[in-house]
Amino acid sequence: AQSVTQLDSQVPVFEEAPVELRCNYSSSVSVYLFWYVQYPNQGLQLLLKYLSGSTLVKGINGFEAEFNKSQTSFHLRKPSVHISDTAEYFCAVSEPGTYKYIFGTGTRLKVLA
Amino acid sequence: DTAVSQTPKYLVTQMGNDKSIKCEQNLGHDTMYWYKQDSKKFLKIMFSYNNKELIINETVPNRFSPKSPDKAHLNLHINSLELGDSAVYFCASSQSRAGTGELFFGEGSRLTVL
Chain D
97 AQSVTQLDSQ VPVFEEAPVE LRCNYSSSVS VYLFWYVQYP NQGLQLLLKY
147 LSGSTLVKGI NGFEAEFNKS QTSFHLRKPS VHISDTAEYF CAVSEPGTYK
197 YIFGTGTRLK VLA
Chain E
-10 DTAVSQTPKY LVTQMGNDKS IKCEQNLGHD TMYWYKQDSK KFLKIMFSYN
40 NKELIINETV PNRFSPKSPD KAHLNLHINS LELGDSAVYF CASSQSRAGT
90 GELFFGEGSR LTVL
């Protein structure tokens, strides 16, 4: 069975500093990987996804993530964060041919002035 | 135009009552989902329908019953509400080959059971 681990429940970071949010997954088969962002009192929206090809994926709002198959990781990065990036970030995995998306427990990014 | 809309946005009710949450998507997607987000923000899949056919039915009490009258709608009915049902319920939809597409989420329906 697939699972997703986001080890950091909260990440505080100062404005304009870089940030990395960690995501590790467990699966016996190839998977597709996603990062979503949830702003307060809103639904989730897609930041980026990895299906195949280049392991470095660029998304919206200056975020990028790198797929590392050997470490079963898909960490999210941004070189310089803004106050507006304060939100909950979710890593998710799906298995090709299934409709099931499994989410991690989320990481709360808090950007400090 | 809201892509995935849920009603109501807030629902406060007493234990033992029955309630429904409605979801509609105007994206032309084939697959719709219900997710439950608890107070710790954990998102758990509950149900999924593809072309009105139930394809995912996780370990959910049978007090929860989804209904998909057509591809654009997926409703959730909950009988005999319990305190533990308090959560935010998200509807989502997707297109594309299974597992590859982006999930489009509604804004959530916050259910509070007193």
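Residue numbers (our numbering), protein chains in the order written: chain D, 97 to 209; chain E, -10 to 103. All C-beta atoms in this analysis are idealised placements derived from N, C-alpha and C, irrespective of residue type, glycine included. Here the structure is a predicted model, which is why all the values come from computation and not from measurement.
For E:Glu96, the C-beta contacts it makes with chain D under 8 Å involve Asn137, Gln138 and Gly139, in order along the chain. In the structure shown, D:Ser180 adopts helical secondary structure according to DSSP, grouped into three states. In the assembly as shown, E:Asn68 is an exposed residue. Its beta-carbon has fewer than 16 other beta-carbons within 10 Å. Rounded to the nearest whole angstrom, the CA to CA distance from E:Asn64 to D:Gly193 is 25 Å. Closest by C-alpha distance to D:Val107, out of D:Ala113, D:Gln98 and D:Leu117, is D:Leu117. Between D:Glu184 and chain E, the shortest Cβ-Cβ separation is below 8 Å. Within chain E, the residues whose beta carbon sits less than 8 Å from that of D:Thr201 are Lys29, Lys30 and Phe31, listed in sequence order. Residues of chain D with a Cβ closer than 7 Å to the Cβ of E:Glu91 are, in chain order, Leu142 and Lys145. The three-state secondary structure of E:Leu72, taken from DSSP, is helix. Shown here, D:Asn137 sits in coil according to DSSP, grouped into three states, outside any helix or strand. Identification of residues in the segment 164 to 197 of chain D having a C-beta nearer than 7 Å to some C-beta of chain E yields Glu184, Phe186, Ser190, Glu191, Pro192, Gly193, Thr194, Tyr195, Lys196 and Tyr197, given in sequence order. D:Arg173: member of the beta strand (DSSP E) spanning Ser169 to Lys174, first to last residue. Collapsing the DSSP output to three states places D:Asn157 in a helix. In this structure, D:Ala183 and D:Leu205 form a Cβ contact; the two beta carbons are roughly 6 Å apart against a cut-off of 8 Å. By the Cβ-count criterion, D:Ile179 is exposed, with fewer than 16 other Cβ atoms from all chains shown falling within 10 Å of its own Cβ. Between D:Gly200 and D:Val133, the beta carbon gap of about 13 Å keeps them out of contact (Cβ cut-off 8 Å). Measuring C-alpha to C-alpha distances from E:Leu103 to each of E:Gln84, E:Cys80 and E:Glu71 identifies E:Glu71 as the nearest. In this structure, E:Lys11 sits away from E:Gln26, with a CB-CB distance that is not shorter than 8 Å. The shortest C-alpha to C-alpha distance from D:Ser124 to any of D:Leu147, D:Asn137, D:Lys165 and D:Leu103 is the one to D:Lys165. Look at E:Arg52 here: in three-state DSSP terms it is coil, with no helix or strand label. Cβ-Cβ distances below 7 Å link D:Gln141 to Tyr132 and Val133 in the same chain, with the five nearest sequence neighbours on each side left out; the list follows chain order.
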